[in-house]
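Asker: Here it is, the structure, as structure tokens.
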Ligand code: B16
Ligand code: MG
């Protein structure tokens with residue numbers, strides 16, 4: 006039986022993926038790397054430094070910068086990103102997610118957060134959702150990023166649940182892979198082709214309800 010939900014943040018609870026995309030796009034322009042939708046989609050759920058490496062590789066520039074310079078470039082992106090995060094309000098919670106969070110909390114399900122974002126606590130605070138997530142996996146503690154299962158394994162551990170008792174929610178293909186490898190039930194939000202590996206896919210967050218999930222689990 007399902008007893009807990011392990012949430013991704015960006016693209017599931019709120020649409021910071023757009024803000025991340027804009028901030029990376031700005032950096033790619035600065036670096037002279039051509040921007041594309043494929044590149045933007047591939048960065049979803051990927052850690053800050055891995056995202057930078059992907060962008061540099063896309064432009065054939067991965068050997069043009071020292072590790073120190075790469076840290077500075079990532080910090081430059083983050084400064085732009087955080088400025089946008091600080092403009093967020095609870096109105097930026099994706100459709101239906103507040104109701105879903107209230108419903109599962111009222112019914113006694115446990116909740117944890119498995120976001121690769123070091124800014125996750127800041128984003129939750131802006132959305133006034135801090136109280137919903139007493140358990141947050143610290144991305145700095147991870148050896149491997151998504152699609153490695155580590156972050157979702159830890160998300161279940163924080164709840165003292167077996168992975169089989171958890172549903173993981175994701176908008177990114179790398180995240181769905183991570184949930185599956187952790188042995189949790191994967192719920193994908195977005196394009197069914199992109200998220201084909203998920204146990205269930207909902208086109209958008211407004212469809213994420215306990216009733217719809219139970220229908221798929223039956
Ligand atoms: P930060 P998620 C991920 O969050 C984003 O999808 C990804 O685009 C971002 O690079 C990563 O967090 C790291 O974020 O730079 O704030 O530490 O989807 O795992 O909630
Ligand atoms: Mg995400």
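In full-length UniProt numbering, the protein residues as written are 6 to 223. Idealized CB from N, CA, C, for every residue including glycine.
Kindly list the residues whose CB is nearer than 8 Å to the CB of residue 182, restricted to its own chain and excluding five residues on each side of it in sequence; keep chain order.
Answerer: Around residue 182: 151, 152 and 202.
Asker: If you count every other CB in all the chains shown that lies within 10 Å of the CB of residue 102, and 16 or more means buried, which is it?
Answerer: That one is buried.
Asker: Please classify residue 222 as buried or exposed, where buried requires at least 16 other C-beta atoms within 10 Å of its C-beta.
Answerer: Result: exposed.
Asker: What three-state label does DSSP hand residue 15 in the structure shown?
Answerer: Residue 15: strand per DSSP, three-state reduction.
Asker: Pairing CB atoms from the segment 14-29 with CB atoms from the segment 88-99, are three or more of them under 8 Å?
Answerer: Taking 8 Å as the limit for Cβ pairs, the verdict is that the segment 88-99 does touch the segment 14-29.
Asker: Along the chain, where does the alpha helix (DSSP H) that runs through residue 105 open and close?
Answerer: Start and end: 102-111.
Asker: Report yes if the C-beta distance between residue 50 and residue 177 is below 8 Å; otherwise report no.
Answerer: Yes, the Cβ-Cβ distance between residue 50 and residue 177 is below 8 Å.
Asker: What does a CB cutoff of less than 6 Å around residue 179 pick up in its chain, not counting 5 residues either side in sequence?
Answerer: Closer than 6 Å at the Cβ level, and outside the excluded window around residue 179, lie 50, 151 and 152.
Asker: Return yes when the Cβ of residue 11 is within less than 8 Å of the Cβ of residue 104, no when it is not.
Answerer: No; because the gap between Cβ atoms is not below 8 Å, this pair is not in contact.
Asker: Alpha carbon to alpha carbon, how far is residue 53 from residue 92?
Answerer: About 21 Å.
Asker: What is the DSSP secondary structure of residue 23, reduced to helix, strand or coil?
Answerer: Looking at residue 23 - three-state DSSP - the assignment turns out to be helix.
Asker: Tell me which residues share the same chain as residue 215 and place their Cβ nearer than 8 Å to its Cβ, disregarding the 5 neighbours each side in the sequence.
Answerer: These residues qualify, in order along the chain: 105, 108, 109 and 112.
Asker: Starting from residue 116 and walking both ways along the beta strand (DSSP E), at which residues does that stretch end?
Answerer: Counting along the chain, the beta strand (DSSP E) containing residue 116 begins and ends at 115-118.
Asker: Beta strand (DSSP E) containing residue 191: first to last residue?
Answerer: Per DSSP, residue 191 belongs to the beta strand (DSSP E) from 190-194.
Asker: Let me check one thing: in DSSP terms, what residues is residue 60 bridge-paired to?
Answerer: Its beta-bridge partners do not exist; DSSP assigns none.
Asker: To the nearest angstrom, report how far apart residue 191 and residue 160 are at their CA atoms.
Answerer: Going by the C-alpha atoms only, they are around 13 Å apart.
Asker: Classify residue 117: buried if its beta carbon has 16 or more other beta carbons within 10 angstroms, exposed otherwise.
Answerer: Counting Cβ neighbours within 10 Å, residue 117 comes out buried, since at least 16 surround it.
Asker: So residue 30 and residue 15 are in contact, right, with Cβ under 8 Å, and what is the actual spacing, rounded?
Answerer: Going by Cβ atoms, the distance from residue 30 to residue 15 rounds to 16 Å, so no, they are not a contact pair.
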